[in-house]
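Asker: The structure is given below, and queries will be raised subsequently.
Protein chains: 2
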Amino acid sequence: MKIGVLGGDGYCGWATALYLSARGHSVSIVDNFLRRQWDHELGVQTLTPIQPLSDRLKVWHGLTAKQIELFVGDVTDYEFLSSYLQTFEPEAVVHFAEQRSAPYSMIDRKHAVFTQVNNLVGTLNLLFAIREFNPQCHLVKLGTMGEYGTPNIDIEEGYLTVEHNGRRDVLPYPKQPGSFYHLSKVHDSHNIMFTCRAWGLRATDLNQGVVFGTMTDEVALDEGLINRFDYDEVFGTVLNRFCVQAVTGKPLTVYGKGGQTRGFLDIRDTVRCVEIACLNPALEGEFRVFNQFTEQFSVLELAHLVKTAAEKLGFGVEISHLADPRVEAEEHYYNAKHSKLIELGLEPHLLSDSLLDSLINIAVKYRDRIDLSSMAPQINWRKPRNERRPQPAQTAPLGLSEEPFARPEGLGEWSDPRWVAEDCETAGAQSNTRPRSVPRAFPGSARG
Amino acid sequence: MKIGVLGGDGYCGWATALYLSARGHSVSIVDNFLRRQWDHELGVQTLTPIQPLSDRLKVWHGLTAKQIELFVGDVTDYEFLSSYLQTFEPEAVVHFAEQRSAPYSMIDRKHAVFTQVNNLVGTLNLLFAIREFNPQCHLVKLGTMGEYGTPNIDIEEGYLTVEHNGRRDVLPYPKQPGSFYHLSKVHDSHNIMFTCRAWGLRATDLNQGVVFGTMTDEVALDEGLINRFDYDEVFGTVLNRFCVQAVTGKPLTVYGKGGQTRGFLDIRDTVRCVEIACLNPALEGEFRVFNQFTEQFSVLELAHLVKTAAEKLGFGVEISHLADPRVEAEEHYYNAKHSKLIELGLEPHLLSDSLLDSLINIAVKYRDRIDLSSMAPQINWRKPRNERRPQPAQTAPLGLSEEPFARPEGLGEWSDPRWVAEDCETAGAQSNTRPRSVPRAFPGSARG
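Chains as they are written, first to last, in the numbering used here: chain U, 1 to 448; chain Y, 449 to 896.
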């Protein structure tokens, strides 16, 4: 089918665009490269040396003969967005084109206002453009599990059946987001739900957990297709940060007690979930919500998983607890439902030792690009104005227990398949317990 | 106490500023006169000839020797707003300074985006300014009962206790707003709730019903203090429209079946509720929600009340049903709680024949200013783009059954006390059944 990927130059967007293209869909990317601009603003960069989008698209075309169309522009520009919808005529648009970092939104007032206005206006524009020019188009919107917060009851998928004073209704699940970014997603969800009801639009809100992993089958084809690996305090995710800390001999920095529990998923599941949503569109007027994650972990559990995996590879790892810069419950009940995508065919890639090995080995591979200064939390949720400035870069040796500065024993070159986990999928196993499929490494790439 | 009224030139804001000033509070008004600008844009005006704010403030000072300070500026301008908070140092800010019309927000994309960005950024700015410059200041925010929509269960005041799968929590009441405007208020509520939690701000969200009435004791002192009476399709409220239709012999236009049930309150209760909220501030970190209305009516019930009252005054009145331009349930369950303000001392002014007489008589008094063309609904919720243009003005004679074109028998001049309802409050009656207090007419005003 014809699928537009808005924000297709970002971490999830890029992997999704390639996956959908590989699966035979006609794909276009819309992006304005704002995500790359934020790296410059913050003085940080992805650990992996991502190429300019135009180069990436050429590599993809060279390898697969598949063309991904590129539309450069901003979704907050209605004229541009309308023209895109009329030109490409997508059957589904996957909307990743938002500012997606909670810490970024908490820097100060300007960043909070930017995040909310940018995300809100982009999504409003998209709703109006779909209604005006392509009302059958299915909106697949990236939400976040963070919209729900951490209630003391089970989290359902979007809606909650409530019995109250002898009456009953199915209501939108109450939202308790924990940052101006998460709030922007809640605002979006309400706006989208309204237009489904008022205008009969069809929409799926993918309330995604924290994504881990860098490799998908497609990205693994060539280093020129390499995806982002963000580990800095602003755009980095906790698992990436832990891996970088582990290989540089720095303690894994757990915020507070580390009992913060969240849903997580492998990026290979992100791309599959998006395809599942596209292939099974919401009905006219339906606002459908899927909780898009496969496993729950607490931050401390993740730290211990990384510690164990890194120690097996020869790194000495400590865990330290920092004062939590965020305002969040450090210990809480958490049980979030996530069965709808499984019912539609998702086969989860659960977090495994082999995947952790692969992530750690990416950190090893690009150790020269590690900037330790970028990981220290500088953005305090309790302050309305954080004077965050890029810190002088601080490089670090490898943190091997026995042989500091040396490559862990047995690790080969980039294209060594041991840098990504083994493919060990077993047909017939239960979907949520089955061993997981993992991507191949770049096969003999000449790059990097 | 020192109270700032943001949006103090508008309908509720003006009445509130005068009331608080009369009660001995030190009051300042912040306004940028955008509400008056929208009248020009839409080609409509309030039925009552409101004076420029500077003139109104002079009249107030002349009558009472009380000074209301004026700060002219836009709350979306952070520099201005910060400077205001630092200069005036309010103990409470009452935030009316938002675009408050649902139809206005539904005109087209530009009006939807404007409404949401204007309201969201103004409120975000206020939250940051309070946090930075006056963190003990109590935010009294005008929300709307429309945030809840029309669920099939009782509506509680802000929070809902949920039992689910054997566990229990108190969660924000689920929101199902019915226009881009109502959505903006939901966005605000989520943003405010978060800052109470993250920053310890103190806030009260007044989820207000539909306000009726023009007179308060203060406004009634002089015609130079007269308040807005909006009856047009965009900013007008249904009761005002019905009164104008009744006196001009036009059918009362009920949208759809008229089973749409909402909470209503007298503007004299609005001003008192705001004072009650200010005098009983939320605790540090508390996000408190009061449902601010006193009675529920369906639109059809209101039409019949106006018909009966107008017929007693000699007008012939018909009721007609138009296709509903909004997307809303035309018949539904509705039972919304509203006890918290009563518990804090509110004594409601329930809708009475005498108040209806007073509203109808205002329509008679200013009949020469009535523009019938402004009442026809031109904004269809189902369309993403309504080509609304000001219509040629259309004046109409009075719609008296027996004596067309003549003043109803027995009606005197503007200052005749019969133009407002009688004061018949009886001490000791039950608060929600007691006869209501009503304001005096302008005593012998030389104006108008």
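C-beta: ideal position from N, C-alpha, C; glycine also.
1) Under DSSP, the alpha helix (DSSP H) around residue 310 of chain U begins and ends at which residues?
2) Per DSSP, residue 164 of chain U forms a beta bridge with which residues?
3) State yes or no: is the beta carbon of residue 617 of chain Y nearer than 9 Å to at least one beta carbon in chain U?
4) Provide the residue span of the beta strand (DSSP E) that contains residue 209 of chain U, from first to last.
5) Should residue 190 of chain U and residue 623 of chain Y be called a contact, given that it needs their Cβ atoms to be closer than 9 Å?
6) State the Cα-Cα distance for the pair residue 116 of chain U and residue 400 of chain U, rounded to the nearest angstrom.
7) Going by alpha carbons, who is nearest to residue 705 of chain Y out of Y/787, Y/807, Y/621, Y/751?
8) At what residue ranges does the stretch 513-542 of chain Y contain a whole run of the alpha helix (DSSP H), taking only runs of 4 or more?
9) Just grab the DSSP bridge partners of residue 763 of chain Y for me.
10) In terms of DSSP beta bridges, what is residue 320 of chain U paired with?
11) Listed in chain order, which residues of the stretch 257-268 of chain U have Cβ atoms closer than 9 Å to some Cβ of chain Y?
12) Just tell me which of U/106, U/71, U/99, U/97 has its CA closest to the CA of residue 387 of chain U.
13) Three or more beta-carbon pairs under 8 Å between the stretch 499-515 of chain Y and the stretch 668-677 of chain Y, yes or no?
14) Consider the Cβ of residue 431 of chain U: report whether some Cβ of chain Y lies at a distance smaller than 9 Å.
15) Quick one: is residue 50 of chain U near chain Y, going by C-beta distance under 9 Å?
16) For residue 660 of chain Y, count neighbouring C-beta atoms within 10 Å of its own C-beta (all shown protein chains included) and say buried if the count is 16 or more, exposed if not.
17) Which residues in chain U sit within 8 Å of residue 602 of chain Y, going by Cβ to Cβ distance?
18) For residue 52 of chain U, is the classification buried or exposed, using 16 other Cβ atoms within 10 angstroms of its Cβ as the cut-off for buried?
19) Chain Y beta carbons: is any one of them nearer than 9 Å to that of residue 340 of chain U?
20) Does the beta carbon of residue 133 of chain U fall short of 8 Å from some heavy atom of the ligand ATP?
21) Using 9 Å as the threshold, is the C-beta distance between residue 467 of chain Y and residue 552 of chain Y below it?
22) For residue 47 of chain U versus residue 333 of chain U, is the C-beta distance shorter than 9 Å?
23) Using a cut-off of 7 Å between C-beta atoms, extract the partners of residue 191 of chain U located in chain Y.
24) Which residue marks the beginning of the alpha helix (DSSP H) containing residue 785 of chain Y, and which one marks its end?
25) Report the residue from U/72, U/135, U/188, U/226 whose alpha carbon sits nearest the alpha carbon of residue 11 of chain U.
26) Across the stretch 279-295 of chain U and the stretch 156-175 of chain U, are there enough close Cβ pairs to call them in contact, namely three or more that are closer than 8 Å?
27) Which of the residues in the stretch 68-81 of chain U, read from start to end, lie with their CB under 7 Å from any CB of chain Y?
28) Using the beta-carbon of each residue, which ones in chain Y are nearer than 7 Å to residue 98 of chain U?
29) Between the alpha carbons of residue 198 of chain U and residue 688 of chain Y, how many angstroms are there, rounded?
30) Smallest Cα separation from residue 99 of chain U: which of U/108, U/217, U/90, U/112?
31) Please name the residue or residues paired with residue 290 of chain U in a DSSP beta bridge.
32) Please confirm whether residue 101 of chain U has its beta-carbon closer than 9 Å to some beta-carbon of chain Y.
33) Give the residues of chain Y in contact with residue 85 of chain U, contact being defined as C-beta atoms less than 8 Å apart.
34) Report the rounded CA-to-CA distance for residue 29 of chain U versus residue 263 of chain U, giving the unit in angstroms.
35) Would you kindly work out how many angstroms separate the C-alpha atoms of residue 765 of chain Y and residue 694 of chain Y, rounded to a whole number?
36) Are the beta-carbon atoms of residue 185 of chain U and residue 89 of chain U separated by less than 9 Å?
Answerer: Result, derived from the coordinates:
1) The residue labelled residue 310 of chain U in the question sits at position 310 within the first sequence. Per DSSP, residue 310 of chain U belongs to the alpha helix (DSSP H) from 299-312.
2) Here residue 164 of chain U refers to the residue found at position 164 of the first sequence. In DSSP, residue 164 of chain U forms a bridge with U/167.
3) Taking the first residue of the second sequence as position 1, residue 617 of chain Y is located at position 169. Flagged as an interface residue toward chain U: residue 617 of chain Y, by a C-beta distance shorter than 9 Å.
4) Residue numbering aside, residue 209 of chain U sits at position 209 when the first sequence is read from its first letter. It is not in any beta strand (DSSP E) - residue 209 of chain U carries neither H nor E in the DSSP assignment.
5) Translated into the one-based positions of the first sequence, residue 190 of chain U becomes position 190. Translated into the one-based positions of the second sequence, residue 623 of chain Y becomes position 175. One thing to note: residue 190 of chain U has its Cβ within 9 Å of the Cβ of residue 623 of chain Y.
6) The count along the first sequence starts at 1 and reaches residue 116 of chain U at position 116. The count along the first sequence starts at 1 and reaches residue 400 of chain U at position 400. Looking at the two C-alpha atoms, the distance is approximately 43 Å.
7) Reading the second sequence from its first residue, position 257 is the one you call residue 705 of chain Y. The residue from Y/787, Y/807, Y/621, Y/751 with its alpha-carbon nearest to that of residue 705 of chain Y is Y/751.
8) Runs found: 526-536.
9) Here residue 763 of chain Y refers to the residue found at position 315 when the second sequence is read from its first residue. Residue 763 of chain Y has Y/848 as its beta-bridge partners, per DSSP.
10) Position 320 of the first sequence, counted from the first residue, corresponds to residue 320 of chain U. Under the DSSP definition of a beta bridge, residue 320 of chain U partners with U/253.
11) Within the stretch 257-268 of chain U, no residue has a Cβ lying closer than 9 Å to any Cβ of chain Y.
12) As a position in the first sequence, residue 387 of chain U is number 387, starting the count at 1. Taking only the C-alpha atoms, the option nearest residue 387 of chain U is U/106.
13) Contact between the stretch 499-515 of chain Y and the stretch 668-677 of chain Y is present, because at least three Cβ pairs lie under 8 Å.
14) The residue you call residue 431 of chain U lines up with position 431 of the first sequence. Since pLDDT at residue 431 of chain U reaches only 34, below the 50 mark, its modelled position is unreliable, and no value is offered.
15) Counted from its first residue, the first sequence places residue 50 of chain U at position 50. Judged by the 9 Å Cβ criterion, residue 50 of chain U is not in contact with chain Y.
16) Locating residue 660 of chain Y in the second sequence gives position 212, counting from the first residue. Residue 660 of chain Y comes out buried.
17) Taking the first residue of the second sequence as position 1, residue 602 of chain Y is located at position 154. In chain order: 164, 165, 167.
18) Within the first sequence, the letter at position 52 stands for residue 52 of chain U. When all chains shown are included, residue 52 of chain U counts as exposed.
19) Along the first sequence, read from residue 1 onward, the residue named residue 340 of chain U stands at position 340. Judged by the 9 Å Cβ criterion, residue 340 of chain U is not in contact with chain Y.
20) Among the components of this structure there are no ligands whatsoever, and the ligand ATP is therefore not found.
21) For this step, residue 467 of chain Y is matched to residue 19 along the second sequence. For this step, residue 552 of chain Y is matched to residue 104 along the second sequence. Cβ atoms of residue 467 of chain Y and residue 552 of chain Y: not closer than 9 Å.
22) Residue numbering aside, residue 47 of chain U sits at position 47 when the first sequence is read from its first letter. Residue numbering aside, residue 333 of chain U sits at position 333 when the first sequence is read from its first letter. Contact annotation: residue 47 of chain U and residue 333 of chain U have beta-carbon atoms that are not nearer than 9 Å.
23) As a first step, residue 191 of chain U is located in the first sequence; it is residue number 191 there, counting from the start. The answer, in chain order, is 631.
24) By 1-based counting over the second sequence, the position of residue 785 of chain Y is 337. Here residue 785 of chain Y belongs to no alpha helix (DSSP H), and DSSP marks it neither H nor E.
25) Along the first sequence, read from residue 1 onward, the residue named residue 11 of chain U stands at position 11. Per the C-alpha coordinates, the member of U/72, U/135, U/188, U/226 positioned closest to residue 11 of chain U is U/226.
26) Short answer: they touch.
27) For the stretch 68-81 of chain U, the set of positions with a beta-carbon nearer than 7 Å to some beta-carbon of chain Y reads 78 in chain order.
28) Against the first sequence, residue 98 of chain U aligns to sequence position 98. Correct list: empty, because the minimum Cβ distance to chain Y is about 15 Å.
29) The residue you call residue 198 of chain U lines up with position 198 of the first sequence. The residue you call residue 688 of chain Y lines up with position 240 of the second sequence. In this structure, the CA atom of residue 198 of chain U is about 26 Å from the CA atom of residue 688 of chain Y.
30) As a position in the first sequence, residue 99 of chain U is number 99, starting the count at 1. The shortest Cα separation from residue 99 of chain U among U/108, U/217, U/90, U/112 belongs to U/112.
31) Along the first sequence, one-based indexing puts residue 290 of chain U at 290. The beta-bridge partner set that DSSP reports for residue 290 of chain U consists of U/206.
32) Here residue 101 of chain U refers to the residue found at position 101 of the first sequence. Chain Y has no Cβ within less than 9 Å of the Cβ of residue 101 of chain U.
33) In the first sequence, the residue the question calls residue 85 of chain U occupies position 85. Result: empty, since nearest Cβ-Cβ is about 13 Å, beyond 8 Å.
34) Residue mapping note: residue 29 of chain U aligns to position 29 of the first sequence, counting from 1. Residue mapping note: residue 263 of chain U aligns to position 263 of the first sequence, counting from 1. Cα to Cα, the separation comes out at about 27 Å.
35) Walking along the second sequence from the start, residue 765 of chain Y turns up at place 317. Walking along the second sequence from the start, residue 694 of chain Y turns up at place 246. Roughly 6 Å between the two C-alpha positions.
36) Position 185 of the first sequence, counting from 1, holds the residue named residue 185 of chain U. Position 89 of the first sequence, counting from 1, holds the residue named residue 89 of chain U. Result no, Cβ atoms of residue 185 of chain U and residue 89 of chain U do not sit closer than 9 Å.
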